[in-house]
C-alpha cells in the first residue's frame, strides 16, 4: 500500500513505487515530491491503478457560499477562458476593471477551500469585506499577527511564504492578487509548496523588468486573458488626460544640484565605472562600504536626486494648481516620505505613508471616500491594490522610473463614475535626471501617450 | 540579527566571511562612545541619537558597522511617544479645520487654521507645529536604555553579523563538543532536517525538506536561529554554504571556536534539568554506588543510520561503554518508532522501560527487537542494572579479546602501541592489551602500553651495554633517552625486562644509576 502525506511544504510517498514527480530523499527514506504536483501524482497513481492512501489534505471545515456577483461581459469572458484552461491561469486587467469580482465568482463556482494571497495587510481587510458582502461567508485571515484559517482565507504574500509548511495542505484553490509579486525569488516558493490544484493570478502589470514573470505560467497557468486600459477606457473605465509640466529648479537648488551631480560624475569618470544594469549599481553600492570616496559620491548623488525630486518650485506650482482646482478629489504622489510630510505640513493635507498608524489611515481614507477630505498626499503605499474610489485628479510630484508604478498610480483615478474625466499631472524638474525617469515610466505602458 | 543591508562581508575566491568587529582599541572605542551616547540621550529625541551615529560614520568608519551597532542598541532601548498631545487627534483637528476653511495655499491662510486649532486646544501655535507629527519614528523620545559593556556589544554585533550572513545559507554542517540534546531539539523545532555522519568526528548536516529539489535560502533564517545553540558549546565548528544573492555564486563560510569563540557572544543557556525525577534518582543513586562504572549524562550522540539517538546516559568502564535509554512515558506508536530507531544502533544499549505503562504488545516487540530491556516501576532498581552491566562487560571484553586473537594480524612494525591499534580496529585499549598480553605475537614482547619487537629490544640492550662499557656506569636519564630513541615508551619497564636495575640516589633521575643484574 502506498502512503502519501504532507510534510512541511512537500509531499512524502512511501511504498514499493516511484513516481515521475518525486525524488528519493535518503535523509528520510521516502520519495519527496513538490507540493504543487499533488494533482499530478494522484492522477498518475490512479492511471497506474495503484492502491494508495492519501493523507495529504487537511482542509478547514466547509462553509456554504451564496454569491451575488454580477459580471460585466469582459469579466465573464475572462472567467470563461480561465475555466476552459482547467481552472488555472493568469488574468491581466487594468486597475479598477474589477478583477476581484472575477475571482469571487470563481470561488463561488469551485466552492472549495480557498486561499487569497495579497501584497498588503490593508488588502486583507478589503478582501474580507468583499467576501462577506458578495459570498456571504466570513473569511479568515493570516498575517499581521492573525492566524485564522477558514473555508475562505486571506493571507499576505509574506505569511503565505513563511507559513507554507503549515498552510500548504489546507486549500484546493489559490487566488494570487497582484500576481507579479509571486515571481520574486522567495515568493515563487509559495506556488511550489501548496497543493492547491486550482489557481488564478490577477494583475494589471504582468511584465516585470527582471523578466521573472516567465516563471509564473508553469506554477499558476498561462496568461489566459488580457485587457488594456485603452480597450476599456471610456466604457468601463473613466476617460483621462495626461499632462506633464516642467519646472525650473530655484537658483540655489540648481547650484546644489550641479555641484553634487558633479562630485558623483567626476568619481564615476575617474574610476571608469559604467552603470548599465541593476547589478552594476549594486556592485557600486557594495563598494561604498569599503571605499570612503565611493560612499561620498553616492551620498552626493542621493542629495542631488532629492533636490530635483523635492524642488521648492514643484511646491509653488502645486500650490497654484490646488488653488485652481479646489474641491476636486485629488491624490498627490511622491517618491519619498519626507516630501509627503513637507506637503502635509505646508498645505495641511492628510498624509498616508507606511508610517501612518493603521487606524488613522483607515480614518483618512474613509473621510476621503465620504468627501470630508478632498486631497490626500501619499508616497508609495497607495500605489497598489487599496481602493481609493472617485479621485479624479492626480499629481505626480516624484516617482521612480518604473512603468508599473505609473500604471498603478493612473489606475487610482480610473474607477468608472458617470461624467468623470480623470487627469494625471506629472511635475518634473527641468534639466535634471528626472526628465529621463519620467520618459522611462511612460515608455512601455499599455495606454499609450 | 541585522537588516541585510547592514551585512558587511569579505568575499574572495568563493570564500565568504563577515567583517567581524575586531576587539581592538579602535573598535572598542566606537562601541563605547555609542553606548555613552545612548546613555546620555535618555529623555531626548531618537533623531538626536541617530545624528551621533552619522557623526561616527563621518569619522571614516564603515557606515554598516556604526549603524549595525546602533541597531543593536535600539533593541536595548525603549522609545515612547511624547505624551503632551496626542498627535493623531491633533492632526484630525487640523485636517478637518483645513477642509472646512479651505485648503491653505498661502502662509496667512495656513496660520489662520493653526491658530484656530491652537485656541481650541488651549495651546500655543508653536506647540501645534511641534507636535503635528510628534509621533513619527525620529521624533520618539528615548525613555530607557539598558547598557552593556563595549566588549559585549562588539561580541553581540559579531554574533548578529554571523546570523545575518546565514540568512542566505542553503545548508550548514557542524560539529560540537557537547550540548547535543539542545541542538537536536532546536533542529527539530525549527523545522529542519539533519543527516549525521562520522568523519574524523561526529558531524551533522542540516537543511530543510525542499532543499532536496534545489538550492534554497528558505531555511537560512532557521539556520541562523540554530547558530546560538551551537556556539553555546565548549568547542564547535560550523561550515555553511552561502548562496550570495548579488552574484548567485555559492560561497563557503567557516566559523570555528578555536579561532572565533572570543569574537562572538556566548549565549547563556539555562542549565540542563533532568527530564524526569526517575532519571535524576537513577543518576544520583548510581553515582553513590561507586561501582567503578563512570556515569555520564547527555553523552555524545549515537548514530542510528543517518539519524541520531542521544541516550540519557553513558556508563563506562575500562574503555567499554554502554548506553542507557530510559523510557518513562510513552504511547505505543512512540515506542514503536523509538525501538525501530534503536535497532539501527551499533553500540551496546540498555533500555529501561516503565512497566506500569507497558502493554502486551511490548512483549512481542522485545523479541523482535533483540534489545536489552529491563522493566521498572516507579523507581529504577539498581541491582538488575548492575547485573546486566557486569555481564555485558565480560561479554564485550571476551568478544573483543576473541576478536583480536582471531584477527590473525601479522605485525611488522618495531613498536605496536595498544591505544593506537585499538583505535584502528575499533575496540577498547584494555581489550587489545588483554588479548596481546595473554597471547603474545611471535617475535614480540608485551609491555604495559605497547608490543616491542625482539630485535628492537636487542638493539636497546646493545646501546646500553656499549655505554656502560665506555663510561663504567650509566645514569637513568641517559638510559631512558637511549630507549626512547628507538620509539619505545615504557622505558623503565623495558630496562627491567632486559635485566637491569635502577638504583635511586635521591629523587633526581640524573643521579639514578642503571646497573646490570648479575645473572644467576
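Chains as they are written, first to last, in the numbering used here: chain A, 1 to 449; chain B, 1001 to 1520. Beta carbons: idealized from backbone N, C-alpha and C, even for Gly.
Could you check if residue i is buried or exposed, using at least 16 other CB atoms within 10 Å of its CB as the buried criterion?
i: residue 1122/B; result: exposed
i: residue 1185/B; result: exposed
i: residue 354/A; result: exposed
i: residue 266/A; result: exposed
i: residue 1400/B; result: buried
i: residue 1252/B; result: exposed
i: residue 1520/B; result: In this predicted model, residue 1520/B has a pLDDT of only 40, less than 50, meaning its place in the structure is not dependable; the value taken from the coordinates is given anyway. The residue is exposed, with fewer than 16 neighbouring Cβ atoms inside 10 Å.
i: residue 1197/B; result: exposed
i: residue 449/A; result: In this prediction, residue 449/A has a pLDDT of 32, which is less than 50 and means its spatial position is unreliable; nothing more can be read from the coordinates.
i: residue 438/A; result: buried
i: residue 1138/B; result: exposed
i: residue 447/A; result: Note on residue 447/A: pLDDT 41, under 50, position unreliable in the model; the coordinate value appears next. So residue 447/A ends up on the buried side.
i: residue 1054/B; result: exposed
Counting only C-beta atoms, is residue i closer than 8 Å to chain B at any point?
i: residue 373/A; result: yes
i: residue 350/A; result: yes
i: residue 25/A; result: yes
i: residue 365/A; result: no
i: residue 448/A; result: A caution first: residue 448/A carries a pLDDT of 37, below 50, which makes its placement in the model too unreliable to give a value.
i: residue 193/A; result: yes
i: residue 306/A; result: no
i: residue 445/A; result: Reliability of the predicted coordinates at residue 445/A is poor, the pLDDT of 48 falling under 50, and no value is obtained from them.
i: residue 205/A; result: no
i: residue 99/A; result: no
i: residue 55/A; result: no
i: residue 450/A; result: Because residue 450/A is not part of the residues shown, which for chain A are 1 to 449, the question remains open.
Report the residue from the options whose alpha carbon sits nearest the alpha carbon of residue i.
i: residue 1417/B; options: 1144/B, 1151/B, 1487/B, 1251/B; result: 1487/B
i: residue 401/A; options: 419/A, 369/A, 425/A, 209/A; result: 209/A
i: residue 1319/B; options: 1197/B, 1284/B, 1422/B, 1283/B; result: 1422/B
i: residue 1167/B; options: 1189/B, 1179/B, 1004/B, 1428/B; result: 1004/B
i: residue 1187/B; options: 1177/B, 1501/B, 1221/B; result: 1221/B
i: residue 1134/B; options: 1093/B, 1010/B, 1087/B, 1112/B; result: 1087/B
i: residue 410/A; options: 172/A, 228/A, 214/A; result: 228/A
i: residue 1213/B; options: 103/A, 308/A, 24/A, 2/A; result: 24/A
i: residue 197/A; options: 181/A, 190/A, 172/A; result: 172/A
i: residue 1402/B; options: 1375/B, 1437/B, 1377/B, 1240/B; result: 1437/B
What residue does the alpha helix (DSSP H) around residue i start on, and which one ends it?
i: residue 1249/B; result: Taken as a continuous stretch (DSSP letters only), residue 1249/B belongs to no alpha helix (DSSP H), being part of the beta strand (DSSP E) at 1249 to 1256.
i: residue 224/A; result: Run containing residue 224/A: none in the alpha helix (DSSP H); it sits in the beta strand (DSSP E), 223 to 226.
i: residue 49/A; result: No alpha helix (DSSP H) holds residue 49/A; DSSP gives it neither H nor E.
i: residue 1224/B; result: 1220 to 1231
i: residue 1188/B; result: 1180 to 1189
i: residue 1026/B; result: 1025 to 1040
i: residue 1384/B; result: 1382 to 1405
i: residue 1289/B; result: 1277 to 1289
Any Cβ of chain A within less than 8 Å of the Cβ of residue i?
i: residue 1136/B; result: yes
i: residue 1027/B; result: no
i: residue 1525/B; result: There is simply no residue 1525/B to check, as chain B begins at 1001 and stops at 1520 in what is shown.
i: residue 1191/B; result: yes
i: residue 1104/B; result: yes
i: residue 1476/B; result: no
i: residue 1212/B; result: yes
i: residue 1165/B; result: no
i: residue 1202/B; result: no
Is the Cβ of residue i closer than 8 Å to any Cβ of chain E?
i: residue 347/A; result: The structure shown contains no chain E; its protein chains are A and B.
Provide the residue span of the beta strand (DSSP E) that contains residue i, from first to last.
i: residue 6/A; result: 2 to 7
i: residue 1207/B; result: 1202 to 1207
i: residue 80/A; result: That residue, residue 80/A, is in no beta strand (DSSP E); its alpha helix (DSSP H) goes 73 to 84.
i: residue 1415/B; result: 1415 to 1417
i: residue 136/A; result: Segment: none, residue 136/A is in no beta strand (DSSP E) and carries neither H nor E.
i: residue 108/A; result: Looking at the DSSP string, residue 108/A is not in any beta strand (DSSP E); the run it does join, the alpha helix (DSSP H), is 99 to 110.
i: residue 88/A; result: 88 to 92
i: residue 1174/B; result: 1169 to 1176
- Item | beta strand (DSSP E) runs wholly inside the segment 344 to 427 of chain A, at least 3 long, in chain order | 375 to 378, 393 to 396
- Item | Continuous alpha helix (DSSP H) assignments of at least 4 residues falling wholly in the segment 263 to 310 of chain A | 278 to 290, 292 to 309
- Item | Ordered list of alpha helix (DSSP H) runs contained in the segment 196 to 222 of chain A, each at least 4 residues | 216 to 220
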